[in-house]
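*Asks:* Have a look at this one.
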Amino acid sequence: MGGIFVSGTGTDVGKTYVTAAMVHHLRNAGKNVDAYKPVISGFDPKNSDSSDPAVLLSALGRTTTDDEIGRIAPWRFVPPLSPDLAAKAEGRAIDFNEVVEFSRRVAYGRGTIFIEGVGGIMVPLDQSHTVLDWMSALRIPVLLVAGSYLGTISHTLTALHVLAQRNLDIVGVVVSESTVPGANLDDTVETVARFASPIDVIGLPRLPLNELASDAVLSRIERLLM
Ligand SMILES: Nc1ncnc2c1ncn2[C@@H]1O[C@H](COP(=O)(O)OP(=O)(O)OP(=O)(O)O)[C@@H](O)[C@H]1O
Ligand SMILES: [Mg+2]
Numbered sequence: 004m005g006g007i008f009v010s011g012t013g014t015d016v017g018k019t020y021v022t023a024a025m026v027h028h029l030r031n032a033g034k035n036v037d038a039y040k041p042v043i044s045g046f047d048p049k050n051s052d053s054s055d056p057a058v059l060l061s062a063l064g065r066t067t068t069d070d071e072i073g074r075i076a077p078w079r080f081v082p083p084l085s086p087d088l089a090a091k092a093e094g095r096a097i098d099f100n101e102v103v104e105f106s107r108r109v110a111y112g113r114g115t116i117f118i119e120g121v122g123g124i125m126v127p128l129d130q131s132h133t134v135l136d137w138m139s140a141l142r143i144p145v146l147l148v149a150g151s152y153l154g155t156i157s158h159t160l161t162a163l164h165v166l167a168q169r170n171l172d173i174v175g176v177v178v179s180e181s182t183v184p185g186a187n188l189d190d191t192v193e194t195v196a197r198f199a200s201p202i203d204v205i206g207l208p209r210l211p212l213n214e215l216a217s218d219a220v221l222s223r224i225e226r227l228l229m
């Protein structure tokens, strides 16, 4: 399978949730899997246990030490801002080429390697590059995660259009059910799928805390990755 870039139509849509669920699923099936969140903003070292890298490490069955967090998430910023602004607020800057080199190095390991993006597909990383440029430089398949909130259909179709313009390989869309109001999940999935055809679109219901997504849904997502 190799590297998969998990991108989102925006922040908080479910990228980490879907990645962690897939890591669990693949590990349970005895498959080799790894996960990275190279760039993260809004990272509070005092609450690192609930951070994206901690969620991914725990799905991987690894301890959430500072070293491990640093290994899978080298670019960490405290301000909850886009990465370019978060870096600037800390008097730092992200070296885009270093992010690409790091991602290339880790993406060609054994098994399935998830690389979670940051925010939506055109979030700036520095003065002139966005996540889209990062994905374009890597040219690994993209799994797009979206929500089911009111407005998601346009956000998702816009994102797919932009990804296609860069000739990126879109393996599919996962609509992870939002808590805010919108159309019901099935109607959202059906509508996105109709406009996104032939791209596969899978709905992931909102599950209670600590309840795992069903094997049936996770197996469908796994098939997108193959
Ligand atoms: N299908 C779902 N069922 C239950 N909880 C979910 C589901 N999808 C997302 N969540 C929860 O919603 C919140 C936001 O999801 P998540 O952190 O995965 O978003 P994200 O896209 O990774 O955000 P960020 O841009 O910060 O990386 C988390 O608390 C997550 O556990
Ligand atoms: Mg996340």
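In terms of our numbering, the sequence shown opens at residue 4 and continues consecutively. Note that the Cβ used here is the ideal one computed from N, Cα and C, for glycine as well.
1. Using a Cβ distance threshold of 8 Å, determine whether the region 15-22 contacts the region 99-106, with at least three qualifying pairs required.
2. Going by CA-CA distance only, name the one from 23, 122, 63, 217 that's closest to residue 86.
3. Measuring alpha carbon to alpha carbon, tell me which of 158, 76, 167, 153 ends up nearest residue 138.
4. From residue 160 to residue 208, what distance separates their C-alpha atoms?
5. Should residue 55 be counted as a contact of ligand 2 given a C-beta to heavy atom distance under 6 Å?
6. For residue 137, which residues does DSSP report across the bridge?
7. Is DSSP giving residue 20 helix, strand or coil here?
8. Let me know if residue 38 comes out buried or exposed under the rule of 16 or more other beta-carbons within 10 Å of its beta-carbon.
9. Any beta carbon of chain D sitting closer than 7 Å to that of residue 188?
10. Here's a check: name, in chain order, each residue in its chain whose Cβ is nearer than 6 Å to the Cβ of residue 172, leaving out the five neighbours to either side.
11. Using the beta-carbon of each residue, find all residues closer than 7 Å to any heavy atom of ligand 1 and list them in chain order.
12. Check each candidate in 129, 125, 179, 178 and name the one with the smallest Cα separation from residue 164.
13. Among the residues of its own chain, which have a CB less than 8 Å from the CB of residue 93, if the five just before and after it don't count?
14. Using C-beta distances below 8 Å, list every residue in its chain close to residue 63, excluding the 5 sequence neighbours before and after it, in chain order.
15. At a cut of 8 Å, does the region 198-214 reach the region 42-62 through at least three beta carbon pairs?
16. Per DSSP, which one or two residues make a beta bridge with residue 79?
17. Going by beta carbon distance, what residues of the same chain come within less than 7 Å of residue 220, once the five residues before and after it are set aside?
18. Could you give the DSSP three-state label for residue 124: helix, strand or coil?
19. Closest to residue 95 by CA distance: which of 74, 130, 192, 201 is it?
20. Along the chain, where does the alpha helix (DSSP H) that runs through residue 160 open and close?
21. With a threshold of 6 Å on Cβ separation, who are the neighbours of residue 198 within its own chain once the five nearest residues in sequence on each side are excluded?
22. In angstroms with no decimal places, state the Cα-to-Cα distance between residue 120 and residue 33.
*Replies:* Walking through what the data contain:
1. no
2. Counting from 1 along the sequence shown, the entry for residue 86 is found at position 83. When only C-alpha atoms are compared, the closest one is 122.
3. Start at 1 with the first residue of the sequence shown, and residue 138 comes out as number 135. Out of 158, 76, 167, 153, 167 has the C-alpha closest to the C-alpha of residue 138.
4. Mapped onto the sequence shown, residue 160 falls at position 157. Mapped onto the sequence shown, residue 208 falls at position 205. The straight-line gap from Cα to Cα measures roughly 20 Å.
5. As a working note, residue 55 is residue 52 in the sequence shown. Within the cutoff, so yes.
6. Numbered from 1 along the sequence shown, position 134 holds the residue referred to as residue 137. DSSP, once it has assigned bridges, lists no residue as partnering residue 137.
7. Within the sequence shown, residue 20 is the residue found at index 17, counting from 1. In the structure shown, residue 20 sits in a helix (DSSP, three-state: H, G or I).
8. For the purposes of this step, residue 38 is identified with residue 35 of the sequence shown, where counting begins at 1. When all chains shown are included, residue 38 counts as buried.
9. Looking for chain D here will not work: only one protein chain is present.
10. Walking along the sequence shown from the start, residue 172 turns up at place 169. By the criterion of a C-beta distance shorter than 6 Å, residue 172 is surrounded in its chain by 144, once the five residues flanking it on both sides are discounted.
11. 11, 14, 15, 16, 17, 18, 19, 20, 21, 45, 55, 119, 121, 122, 148, 179, 180, 207, 208, 209, 210, 216
12. Mapped onto the sequence shown, residue 164 falls at position 161. It is 125 whose Cα lies nearest to the Cα of residue 164.
13. Along the sequence shown, read from residue 1 onward, the residue named residue 93 stands at position 90. Around residue 93: 80, 81, 82.
14. Taking the sequence shown and counting its residues from 1, one reaches residue 63 at position 60. These residues qualify, in order along the chain: 26, 30, 36, 37, 38.
15. Contact between the region 198-214 and the region 42-62 is absent: fewer than three C-beta pairs spanning the two stretches fall below 8 Å.
16. In the sequence shown, the residue the question calls residue 79 occupies position 76. Residue 79 pairs with 43.
17. Within the sequence shown, residue 220 is the residue found at index 217, counting from 1. Here residue 220 has 205, 207 as same chain residues with Cβ atoms under 7 Å from its own Cβ, once five neighbours each way along the sequence are excluded.
18. Locating residue 124 in the sequence shown gives position 121, where the first residue counts as 1. If DSSP states are grouped into helix, strand and coil, residue 124 belongs with coil.
19. Within the sequence shown, residue 95 is the residue found at index 92, counting from 1. Ranking the options by Cα distance to residue 95, first place goes to 130.
20. On the sequence shown, residue 160 is found 157 positions in, with the first residue counted as 1. Segment 155-168, the alpha helix (DSSP H) holding residue 160.
21. What you label residue 198 is simply residue 195 of the sequence shown in a count that begins at 1. For residue 198, where only same-chain residues beyond five positions count, the Cβ hits under 6 Å are 160.
22. Locating residue 120 in the sequence shown gives position 117, where the first residue counts as 1. Locating residue 33 in the sequence shown gives position 30, where the first residue counts as 1. Distance between the alpha carbons of residue 120 and residue 33 is about 25 Å.
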